[in-house]
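Trainee: Let me give you the structure first, and then I'll get to my questions.
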Amino acid sequence: MEVVSVTDKRLSEVMTGTHGNYVFPFFWQRGNHTDAIPEQIERIYHAGCTEFCVESKSHPEFCRDGWWRDMDIILAEAKKRNMRVWILDDDRFPTGHAAGMIQEKYPHLRQWHLTERHIDLVGPAAELSVFVREPGCQEDIVLGAYAYRRIADADETCTYEAIDLTANIKGNFLYWNVPDGIWRIFIYFKSRRGGFRNYMDMISAESVRVLIDAVYETHYAHYSEYFGNTIAGFFSDEPAFANQAFRAPRVDYGFYEQRIGTQGLALPWNENVRAMMEAYLGFDPMPHLNLLWYSDAAKGGEQAEIRFAYMDAITRLYSECFDKQVGNWCRAHGVLHTGHVIEDMGSHSHLRHCPGHYFRSMAHQDMSGVDVVFQQLLPELEHYYYTSSAAQGVANGEFFHYVLAKMGASLAHLTPSMKGRAMCEVFGAYGWAADTALMKYIIDSMLVRGINHFVPHAFSTKFPDAEYPPHFSAEGHNPSYEGFGCLMKYASRAAHLLSDAVHIANAAILYDAEGEWASRYRETHSMHPIASRLYDAHIDYDIIPMDFLQNAEIRDGKMYIADEKFDCLIVSYADHLPAALQNLLKTLHERGFVVWFSEAMPENAIFAGNVIAPDEIVPTMRAMQMTDVTVDGEYPRLRIYHCRRDSHDIYMFANEDLHAAVSTTIRLPSRGEYAKLDLLGERYFGGETPDGALKLHLLPGQSQIVIFEDKAGFEEESPLPEGTEISPTFKLALASFENLSEYTDAGTFETFFNVTGGDFRPEFSGKMKYTFRFTVPAGAKRVWLDLGRVGQNAALTLNGTDLGIRIAPPYLYEITGAAIAGENRAEVIVSNTLAQKMQDPLSYQLPLAPSGLLGGMRLLWES
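For what it's worth, this note's numbering labels the leading residue of the sequence shown as 1, then goes sequentially.
What follows is the structure in structure tokens.
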């Protein structure tokens, strides 16, 4: 297409195919398929990905001879194609095993934890003694012993006041003349118990340095000439505190709920933690460490401050010792650092598999990161809990639709050094049933929430490969490979247009980690309901952690952080908020910025803030003109992203409703000329609005990008003609996944139908070739063919002319240049997924889409 005038450089690059790459899929390495590496890299390249990430966890010789042999081939093949390579930074999941070096050479640097042992005593009783260490715990170091008076309740609470019994310890015995009453003695230990075996200590810079020496430095020693060119950077996969239970908890709330206050959970510990707690609290925390597992009698402010002080200390140490140290090493060696942590189901502020604080955990990365895997994001289930292959078998729709991507995007928006780069690992463990239409939904869902880099999971040198499919090439056996490549090219084009721009948002939602740490279990209300109310009402937001409030500027009633500005800050309910956070909120409030506390003020409030009911947030913001766009009608699943680059206002519109179209007028703050782009459908229009009113028509699942101050020479948009439905007689031939180029005749038919329906070929995975003829009326000047309902990818060849591929509705082609008046010969090749044949366990959690041309084909023309 000829582009007459383009004032936005990135639009010009997208239209001329000179845009950047924003996709770097995982490339699994197993060490026993070396000869397949060049072919797989070629397949990655032809799928539109000029970068990839070498996945090391399945390689048996990581950072040893076999690994360097394979990396030699990988880097040479990448350089040959001018591709860039990322490297996953450990041999096990999660990052932290340090390629086995903690176990082999540095066992003294493995994790230390805070544990406790307690016993209840009845007084008065003279000269009682109790054992200090339990059997098998001789390595444990005693930190202190304290006695507390018990409260008669079901929560095993004690009074806040403690009696120090540390000096009463003699050998493995503690002696005490027990006063009258019921007492509990807590003995605190520095212990190796309760951690992932042979993992590094995330709050020890010396321990983290083992990972850098074992992995990062060895790669630099082998490949320094590639750093900063062929080697793009390193990827950390779900690093965490990796602390576990040192004894069975009284109540186990599951995988995602290992948080401060969980009884029996070992807690990361060193002397820096104690010192940082004391600096914040103003007193020695040791007598009150029981409050990290159990409540005090008041269950109030003291407990809140102790728990906050602890979590604040360890998350800051994690950020400094791991994230900053690794990031600084990468930048000093000319490469970037990215990755993600486990964020699932709100666990980003928890312990064990998580690093305690999403924003601190990757504050020093060059690109923020999240992941969408295990069917955690599914269309139209945003207000439901739904089945998933993830831990505990369920996904929280509100978290995955309204919070996850926004956390990653917010960190990138508010951290200047990240330059707006936000990454999402996608598709992993969705199963073979994840077709390109679902993948396109996920990509759009991320793009419209501010994510602009993608790590698809995964390419593999092995087929069949049972480990977390889908695998995009499957050694040439994946029928949807071409459709996947089309989607990846779309993702990079769209991301290029939405990058290097300032996000426009009206609301800031306070990140809820600190409130959760300080509050009683399940006495907080998460960010999710606030976020969902805003987003369904087309009010955009960023999620702001406490740390970013410290340097926020207030001018003319607005809050400025980095390049963004906000009209208000909304605080989700927590029964307690730490004093440090409340002081920041109080300062914002006193300087005239709107701070709303949802539902109620915390019980330990230090000032009289403004309380708002959740259902009043949207109408109040509208009444106070705290909105950016207005949508005529009710379209809660219409998602809108607004950003600004130079003088260009850029909008992405995505219809996440897969059953209802959007047909509305959107009223924007932008004026003048614009270009409207349907990148997947290859339809481009120019227009102009003097008052900001923009007519928008999106079919179910469709998305568009609009760029103001640039028509780019595109034609004016006009409605498509109605057209007429056609039902041609067609020949059907099938090519099974075993050999996708070898078709066998399946018959001639009068009516389109589901090829994998129960009456035909229910276990067929492959390609379906339809050949038919249709007539174009004489005098037709422009002609379109809409294939109607399709399952799942379709490639059209008309009269010998290849017209490309469509991977999601609408399956619409303009055929003007290829069609002739009279009879036309059409060939449509439809491909489905491998789910019908592989029947992998992950696919049992997803519905299987029908296969083939399914009806509703239309011919449209203008005379």
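All C-beta atoms in this analysis are idealised placements derived from N, C-alpha and C, irrespective of residue type, glycine included.
Determine, using beta-carbon pairs with one atom in the segment 174-190 and one in the segment 150-166, whether at least three such pairs fall under 8 Å.
Mentor: Enough Cβ pairs lie closer than 8 Å, so yes.
Trainee: Relative to the alpha-carbon of V426, which residue among G369, T415, V403, T387 has its alpha-carbon at the smallest distance?
Mentor: V426 has its Cα closest to that of G369, out of G369, T415, V403, T387.
Trainee: Between C486 and I807, how many whole angstroms is the CB-CB distance? I'm expecting something under 8 Å.
Mentor: Confirmed, about 5 Å.
Trainee: Could you check how far apart the C-beta atoms of N272 and L317 are, in whole angstroms? I think they sit under 8 Å.
Mentor: Correct: roughly 6 Å between the Cβ atoms.
Trainee: Is the beta carbon of D444 less than 7 Å from the beta carbon of A654?
Mentor: Cβ atoms of D444 and A654: closer than 7 Å.
Trainee: Please go through the segment 276-350 and give each complete beta strand (DSSP E) segment of 3 or more residues, from N-terminal end onward.
Mentor: Here the runs fully enclosed are 336-340.
Trainee: Could you pull out every residue in the same chain whose Cβ sits closer than 7 Å to the Cβ of A494, ignoring the five residues on either side in sequence?
Mentor: Taken in chain order, the residues that qualify are L447, L679, I705.
Trainee: Counting pairs of Cβ atoms below 8 Å between the segment 605-623 and the segment 579-597, do you hit three or more?
Mentor: They touch, by the three-pair rule.
Trainee: Suppose only complete runs of 3+ residues qualify. What are the beta strand (DSSP E) ranges in the segment 419-504, listed by chain order?
Mentor: DSSP runs (the beta strand (DSSP E)) wholly in the segment 419-504: 422-426, 453-456.
Trainee: Just the Cα atoms here: how many angstroms apart are N793 and D213?
Mentor: Between N793 and D213, the C-alpha separation is close to 46 Å.
Trainee: Considering only C-alpha positions, which residue in the set M71, N168, W293 is nearest to F131?
Mentor: For F131, the nearest C-alpha among the options comes from N168.
Trainee: Taking the alpha-carbon of I920 as reference, which of F593, W329, H364 has the nearest alpha-carbon?
Mentor: Lying outside 1 to 863, the shown extent of the chain, residue 920 is not represented and no answer is given.
Trainee: If you count every other CB in all the chains shown that lies within 10 Å of the CB of R197, and 16 or more means buried, which is it?
Mentor: With fewer than 16 other Cβ atoms within 10 Å, it is exposed.
Trainee: Return helix, strand or coil for H642, following the three-state DSSP convention.
Mentor: In this structure, H642 counts as strand in the three-state DSSP scheme.
Trainee: Return the CA-CA distance between P850 and S843, expressed in angstroms with no decimal places.
Mentor: One C-alpha to the other measures close to 14 Å.
Trainee: Please report the residue range of the alpha helix (DSSP H) in which P700 lies.
Mentor: Neither: P700 is in no alpha helix (DSSP H) and is coded neither H nor E.
Trainee: Once you ignore the five residues that flank A36 on each side, which residues in its own chain have a CB closer than 6 Å to its CB?
Mentor: Here the set comprises T461.
Trainee: Hey, would you say the C-beta of E763 is under 6 Å away from at least one heavy atom of the ligand MN?
Mentor: This structure simply doesn't include the ligand MN, nor any ligand for that matter.
Trainee: Using only alpha-carbon positions, find the residue among Y743, T729, F241, Y310 that is nearest to R352.
Mentor: Checked all of Y743, T729, F241, Y310; the closest Cα to R352 is F241.
Trainee: Taking the alpha-carbon positions, what's the G852 to E225 distance?
Mentor: Distance between the alpha carbons of G852 and E225: 49 Å.
Trainee: Return the CA-CA distance between I203 and V142, expressed in angstroms with no decimal places.
Mentor: Their Cα atoms are separated by approximately 20 Å.
Trainee: Report the option in G701, W112, Y674, R193 whose CA atom is closest to the CA atom of E688.
Mentor: Closest by alpha carbon: Y674.
Trainee: Can you tell me whether H477 is buried or exposed? The criterion is at least 16 other CB atoms within 10 Å of its CB, across all chains shown.
Mentor: Under this definition H477 is a buried residue.
Trainee: If you reduce the DSSP assignment to three classes, tell me which class E139 lands in.
Mentor: In this structure, E139 counts as coil in the three-state DSSP scheme.
Trainee: Should E127 be labelled buried (16 or more other beta-carbon atoms within 10 Å of its own) or exposed?
Mentor: Burial call: exposed.
Trainee: Against chain D, with Cβ distances strictly below 7 Å, would G788 count as a contact?
Mentor: Within the model displayed, chain D is absent; a lone protein chain is all it includes.
Trainee: Compute the Euclidean distance between the alpha carbons of W86 and K57, then round it to the nearest angstrom.
Mentor: About 14 Å.
Trainee: Identify, in the order they occur along the chain, each residue of the same chain with its Cβ nearer than 8 Å to the Cβ of Y386, setting aside the five sequence neighbours on each side.
Mentor: Excluding residues within five positions, the ones whose Cβ falls inside 8 Å are L378, V394, A395, G397.
Trainee: On a Cα-Cα basis, can you pick out the residue from L438, M407, F26 that is closest to F234?
Mentor: Among L438, M407, F26, the Cα nearest to that of F234 belongs to F26.
Trainee: Provide the residue(s) that pair with T724 in DSSP beta bridges, ordered along the chain.
Mentor: According to DSSP, which records beta bridges pairwise, T724 is partnered with L859.
Trainee: Indicate the three-state DSSP secondary structure (helix, strand or coil) for P179 in the structure shown.
Mentor: If DSSP states are grouped into helix, strand and coil, P179 belongs with the strands.
Trainee: Based on Cα-Cα distance, which residue from A746, E750, L734 lies nearest to N832?
Mentor: If we check each option's Cα against that of N832, L734 comes out closest.
Trainee: For the alpha helix (DSSP H) containing S410, list its first residue and its last residue.
Mentor: Taken as a continuous stretch (DSSP letters only), the alpha helix (DSSP H) holding S410 covers 404-414.
Trainee: Would you report the Cα separation of C330 and D323, rounded to the nearest angstrom?
Mentor: Distance between the alpha carbons of C330 and D323: 11 Å.
Trainee: Per DSSP, which one or two residues make a beta bridge with F196?
Mentor: Paired residues: none, contrary to the question.
Trainee: Return the first residue and the last residue of the beta strand (DSSP E) that A733 is part of.
Mentor: A733 -> beta strand (DSSP E) spans 730-736.
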